[in-house]
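See below for the structure under consideration.
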Amino acid sequence: MKKITALLLSLLLIFSLVSCTNQASTSNDATVSTTEAVISNEWANVKEYSFNKDVPVKNIILLIGDGMGENTIKNAEIIKGDKLAMSLTPYFTHVTTDSLSGTTDSAAAATAISCGVKTYNQYIGIDGDKHDVESICEFAQAKGMKTGLVATQIINHATPAGMIAHVDYRDLYSKIIRQEITADIDVMLGGGSEYYTSKMEKLAKEHNYKYISTDKELNTLDKENDKKMLGLFSYNALYADDTPSLDNMAKSALDILKNDNGFFLMIEGSEIDVQLSKLDMTGAMEEMKAFDRAVDVALDFASKNEGTLVLVTADHETGGVIVPESKDAKDINNDCITSGGEHTNANVLLFAFGSKSDIITKNEVIDNIDISKYMREFLNETYGEKEVNFKNRYETE
Ligand SMILES: [Zn+2]
0 MKKITALLLS LLLIFSLVSC TNQASTSNDA TVSTTEAVIS NEWANVKEYS FNKDVPVKNI
60 ILLIGDGMGE NTIKNAEIIK GDKLAMSLTP YFTHVTTDSL SGTTDSAAAA TAISCGVKTY
120 NQYIGIDGDK HDVESICEFA QAKGMKTGLV ATQIINHATP AGMIAHVDYR DLYSKIIRQE
180 ITADIDVMLG GGSEYYTSKM EKLAKEHNYK YISTDKELNT LDKENDKKML GLFSYNALYA
240 DDTPSLDNMA KSALDILKND NGFFLMIEGS EIDVQLSKLD MTGAMEEMKA FDRAVDVALD
300 FASKNEGTLV LVTADHETGG VIVPESKDAK DINNDCITSG GEHTNANVLL FAFGSKSDII
360 TKNEVIDNID ISKYMREFLN ETYGEKEVNF KNRYETE
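Its first residue numbered 0, the sequence shown is counted upward by one per residue in numbering that gives the first Met the number 0.
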């Protein structure tokens with residue numbers, strides 16, 4: 000019986016190898032016509048993009064894989080059978096992530112990356128003494144840059160919130176979405192229509208947002224006229240098999256944000272963390288696939304738009320994930336999640352592409368607040384130092 004099983008397994012392996020090879024040769028064959036518009040649910044095709052790193056930073060695209068530790072990346076590469084798009088750079092470094100509470104949550108980590116300040120878990124955009132600290136979106140807006148947030152979670156969840164909001168408790172979702180709208184972020188795409196109440200609708204209209212809620216509306220944007228966009232495509236979060244996909248939202252956001260004064264865009268693969276917390280390795284790998292395609296969209300944009308810095312990192316590691324000793328895809332399962340789904344304080348990776356990618360990764364280890372410092376340093380070099388007159392939201396609300 001064992002022999003028959005082994006034979007069947009090896010036949011299956013040979014068959015899957017053959018079909019993989021076919022796929023690769025087909026996609027490289029220039030004579031085969033392809034329809035680019037087809038929505039893919041596959042891993043990103045590995046492409047060698049070229050970038051000029053010695054030009055000023057005009058745009059920043061920050062991609063955050065929530066809970067995406069180094070071993071989660073390695074496992075995804077084993078399953079893909081190839082490098083992930085994020086790994087195709089010689090410029091990378093390791094990042095420490097602890098918050099004032101110890102092992103960080105997404106709120107304190109987003110605050111560190113955005114505001115350059117360590118704070119307690121649950122806090123967003125405020126320091127340990129509950130004073131507002133300037134967010135990366137406020138900093139970019141003061142320079143006349145456009146700003147955008149894309150997430151598969153609800154748009155007022157911890158990571159996107161950390162880029163702009165100021166609250167002392169991450170679950171104050173109504174307060175956060177109100178702050179996001181009044182802050183005039185140019186484009187926000189994700190889940191969370193639950194929080195788009197009639198009050199928020201009125202507020203969004205006052206702030207000149209076009210509100211959309213379907214895939215179709217996203218795919219038929221009028222790039223010239225739809226300058227300010229709020230798109231909430233799900234009552235709650237969006238998962239890998241939902242539409243629109245993360246890469247589709249990323250593409251639309253880049254279309255809206257591209258302009259002569261530059262932009263800052265944060266794109267979050269939110270559900271990697273959620274799946275690992277649920278001890279679902281298969282689900283986490285599906286989310287990694289979706290994130291891989293979103294990274295590829297950012298790299299494609301950066302290769303065509305000089306002066307774009309693409310950063311790919313995580314807010315923290317989730318799961319205490321291990322790579323199976325066999326390094327075999329069939330052994331990548333829920334047993335690889337060793338922390339019971341909890342966050343750990345393992346260092347995460349930061350990959351950089353494009354403008355100044357060698358500078359931000361020049362040290363072997365940096366801290367998550369350094370990401371904020373480098374982004375600000377680069378934008379100051381390009382756009383000059385400007386005083387930010389940000390509203391003290393937490394202190395005044
Ligand atoms: Zn997180």
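In this text, a Cβ means the ideal position worked out from N, Cα and C, and glycines have one as well.
In the DSSP assignment, find the unbroken alpha helix (DSSP H) run with residue 152 in it and report its ends.
No alpha helix (DSSP H) holds residue 152; the beta strand (DSSP E) holding it covers 145 to 153.
Please confirm whether any heavy atom of ligand 1 lies closer than 8 Å to the CB of residue 206.
Incorrect: residue 206 has no Cβ contact closer than 8 Å to ligand 1.
Can you tell me which of the three DSSP states residue 209 falls into?
Residue 209 falls in the strand class under three-state DSSP.
Who does residue 233 pair with in a DSSP beta bridge?
DSSP lists no partner for residue 233.
With a cut-off of 8 Å on the beta carbons, I'd call residue 350 and residue 91 a contact; round off their distance for me.
The pair is a contact, with the Cβ atoms about 5 Å apart (cut-off 8 Å).
Kindly indicate which three-state DSSP category residue 23 falls into: helix, strand or coil?
Confidence at residue 23 is low in this model, with a pLDDT of 35, below 50, so the placement of that residue should be treated as unreliable; the coordinate-derived value is given next. Of the three classes helix, strand and coil, the one that applies to residue 23 here is helix, per DSSP.
Could you pull out every unbroken beta strand (DSSP E) segment of at least 3 residues lying fully inside the segment 319 to 356, listed in chain order?
You should have 347 to 353.
To the nearest whole angstrom, what separates the beta carbons of residue 246 and residue 293, a pair I think is in contact under 8 Å?
About 5 Å separates the two Cβ atoms, so the contact holds.
What does the Cβ neighbour count give for residue 32, buried or exposed, with the cut at 16 atoms within 10 Å?
For residue 32, the predicted model reports a pLDDT of 31, less than 50, meaning its position is unreliable; a value from the coordinates is still stated below. Exposed is the call here.
Does the distance between the C-beta of residue 124 and the nearest non-hydrogen atom of ligand 1 fall short of 8 Å?
No - ligand 1 has no heavy atom lying nearer than 8 Å to the Cβ of residue 124.
When you compare the segment 84 to 102 with the segment 361 to 373, are there three or more beta-carbon pairs, one atom per stretch, that lie closer than 8 Å?
Because the criterion of three Cβ pairs below 8 Å is met, the segment 84 to 102 and the segment 361 to 373 touch.
Evaluate the contact criterion for the segment 254 to 261 versus the segment 321 to 335: three or more CB pairs, one atom per stretch, below 8 Å.
Taking 8 Å as the limit for Cβ pairs, the verdict is that the segment 321 to 335 does not touch the segment 254 to 261.
Considering only heavy atoms of ligand 1, does any lie closer than 8 Å to the CB of residue 150?
No - ligand 1 has no heavy atom lying nearer than 8 Å to the Cβ of residue 150.
With a threshold of 8 Å, establish whether the CB of residue 108 neighbours any heavy atom of ligand 1.
Residue 108 Cβ: within cutoff of ligand 1.
Using DSSP bridges, identify the partner residues of residue 265.
Note: residue 265 sits in a beta bridge opposite 61 and 148.
Using a 10 Å radius around the Cβ and a threshold of 16 neighbouring Cβ atoms, would you call residue 377 buried or exposed?
That one is buried.
Here's the rule: buried if 16 or more other CB atoms are within 10 angstroms of the residue's CB, otherwise exposed. What is residue 89?
It is exposed - the Cβ of residue 89 has fewer than 16 other Cβ atoms within 10 Å.
I'd like the span of the beta strand (DSSP E) that includes residue 408, first residue to last.
No answer is possible for residue 408: the residues shown for the chain start at 0 and end at 396.
May I ask whether a heavy atom of ligand 1 can be found less than 8 Å away from the beta carbon of residue 157?
Yes, the beta carbon of residue 157 sits closer than 8 Å to at least one heavy atom of ligand 1.
According to DSSP, is residue 300 helix, strand or coil?
Of the three classes helix, strand and coil, the one that applies to residue 300 here is helix, per DSSP.
By DSSP, does residue 91 sit in helix, in strand, or in coil?
Correct three-state label for residue 91: strand.
How far does the alpha helix (DSSP H) with residue 246 in it reach, from first residue to last?
Note, residue 246: alpha helix (DSSP H), 245 to 256.
So if I measure from each beta-carbon to every heavy atom of ligand 1 and keep distances below 5 Å, which residues remain?
Per the Cβ criterion, the list is 65, 105, 272 and 314.
Identify every residue that forms a DSSP beta bridge with residue 125.
Paired residue(s): 131.
Name the residue from 106, 175 and 143 whose alpha carbon lies nearest to the alpha carbon of residue 157.
Closest option to residue 157, Cα to Cα, is 106.
Throw me the rounded Cβ distance for the residue 155 and residue 195 pair, which I believe falls under 8 Å.
In fact, because the Cβ distance is near 10 Å, the residues do not count as touching under 8 Å.
Enumerate in chain order the residues of its own chain whose CB-to-CB distance from residue 66 is below 6 Å, with the five nearest sequence positions on each side excluded.
Answer for residue 66: 271, 272, 275 and 317, listed in chain order.
Could you check whether residue 387 and residue 141 sit closer than 9 Å to each other, using their CB atoms as the reference points?
Going by C-beta atoms, residue 141 is nearer than 9 Å to residue 387.
Hey, how far is the Cα of residue 34 from the Cα of residue 264?
Because residue 34 sits at a pLDDT of 34, beneath the cut-off of 50, its placement in the model cannot be relied upon, and the point is left open.
Measuring alpha carbon to alpha carbon, tell me which of 190, 53 and 123 ends up nearest residue 214.
Ranking the options by Cα distance to residue 214, first place goes to 190.
With a CB to CB cut of under 8 Å and the five nearest residues on each side skipped, what residues in its chain are close to residue 380?
The residues are 55 and 56.
Should residue 233 go down as buried or exposed, given a rule of 16 or more other Cβ atoms within 10 Å for buried?
Counting Cβ neighbours within 10 Å, residue 233 comes out buried, since at least 16 surround it.
Alpha carbon to alpha carbon, how far is residue 68 from residue 283?
The alpha-carbon atoms of residue 68 and residue 283 are separated by roughly 12 Å.
Counting only the same chain and skipping the five closest in sequence on each side, list residues whose C-beta sits under 6 Å from that of residue 313.
Excluding positions up to five away in sequence, the list reads 64, 67 and 347.
Going by C-alpha to C-alpha distance, which of 73, 253, 137 and 79 sits closest to residue 298?
Here the closest residue by C-alpha is 253.
Let me confirm a value: residue 267 is counted as buried when at least 16 other C-beta atoms fall within 10 Å, else exposed. Which label applies?
Residue 267 should be labelled buried.
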